[in-house]
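Just so you know, we're using my numbering here: the sequence shown kicks off at 345 and counts up by one.
The C-beta atom is built at its ideal place from N, Cα and C for all residues, glycine as well.
Remember, it's a predicted structure, so these values are computed and weren't measured experimentally.
Below is one structure, written out as structure tokens; comments come after it.
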Amino acid sequence: MDFDWYVSLLAEMVRNPHFMKGEEVERQLVDIALRVKEARPELVRVARDLLIDPALLENPFLHRVHSAVAWISGEFIKFSRNPMEIVEALLQPRTSFLPSLVRAVYVQAVFKVVSFCFISFMNVGIISDSKVILIRILMLQARMILMKPVNHGGEGIFFHPISKPSNIYNLILKEFHQYQNVKFSVQYFHIHYIKF
345 MDFDWYVSLL AEMVRNPHFM KGEEVERQLV DIALRVKEAR PELVRVARDL
395 LIDPALLENP FLHRVHSAVA WISGEFIKFS RNPMEIVEAL LQPRTSFLPS
445 LVRAVYVQAV FKVVSFCFIS FMNVGIISDS KVILIRILML QARMILMKPV
495 NHGGEGIFFH PISKPSNIYN LILKEFHQYQ NVKFSVQYFH IHYIKF
């Protein structure tokens, strides 16, 4: 089966303003991402296209699709041509209107992308002060989005549990430790660059 064609078809269906089957598309995208390694580059491309389109954020039936494409973008970031473009899409202001569970996936994807970029910069020796500052700003933006209070229809206002600084730090550590050939101290990075 031509999965690239199928993934593109799913993306086109989602763009229909009257589309209401977001949960089914979410299952399909995640299933393909997990099972078909050859389709991952196309999935990341399609995920990027869906993430950068702010008009799609207005359709509540697509929240599950947003969750899936954010997860795909973070999980398979190595297939992206421009990781920072994905981070910017994940942190666009309109994402604050998404449900907190979807926003949590967005923030986790941001950390995965930023971790990947930082490790890539370190491994090729091109890390500079400006890149460190950019990474720090992106992480702070992610924290601000996550800390925004959410009202869940009569349940009151709460903050997502991942928004605690200690949980964010543990998430960053987990992402950094996924890479086997890390040549720097994560503790040093935390102390010097991620002061919340």
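### Message
Less than 8 Å between the beta carbons of VAL351 and ALA383, yes or no?
### Response
The sequence position of residue 351 within the sequence shown is 7, counting from 1. The sequence position of residue 383 within the sequence shown is 39, counting from 1. Yes; because the gap between Cβ atoms is below 8 Å, this pair is in contact.
#### Entry: Proximity to GLN372 [Cα-Cα], best of PRO404, ASN360, PRO427, ILE416
The residue labelled residue 372 in the question sits at position 28 within the sequence shown. Nearest option by C-alpha distance: ILE416.
#### Entry: Proximity to ALA433 [Cα-Cα], best of VAL451, ILE396, GLU356, ASP348
Start at 1 with the first residue of the sequence shown, and residue 433 comes out as number 89. For ALA433, the closest C-alpha among the options VAL451, ILE396, GLU356, ASP348 is that of ILE396.
### Query
Can you tell me the Cα-Cα spacing of PRO404 and PHE462, whole angstroms?
Against the sequence shown, residue 404 aligns to sequence position 60. Against the sequence shown, residue 462 aligns to sequence position 118. PRO404 and PHE462 have their C-alpha atoms roughly 34 Å apart.
#### Entry: Cβ-heavy atom distance, ASP397 to the ligand FAD, below 7 Å
Looking for the ligand FAD in the displayed structure turns up nothing, as the structure carries no ligands at all.
### Message
Is it buried or exposed, ARG408, if we count other Cβ atoms within 10 angstroms and call 16 or more buried?
### Response
Position 64 of the sequence shown, counting from 1, holds the residue named residue 408. ARG408 should be labelled buried.
### Task
State the DSSP-derived secondary structure class of GLN372, mapped to helix, strand or coil.
On the sequence shown, residue 372 is found 28 positions in, with the first residue counted as 1. GLN372 falls in the helix class under three-state DSSP.
### Message
Tell me the DSSP secondary structure of VAL494 in three-state form.
### Response
Stepping through the sequence shown from its first residue, residue 494 is reached at position 150. Because VAL494 sits at a pLDDT of 48, beneath the cut-off of 50, its placement in the model cannot be relied upon, and the following sentence gives the value as read from the coordinates. In the structure shown, VAL494 falls within a strand segment according to DSSP collapsed to helix, strand and coil.
### Message
Tell me which residue opens and which closes the alpha helix (DSSP H) that GLU356 is part of.
### Response
As a working mapping, residue 356 is identified with position 12 in the sequence shown. Here the alpha helix (DSSP H) through GLU356 covers 347 to 358.
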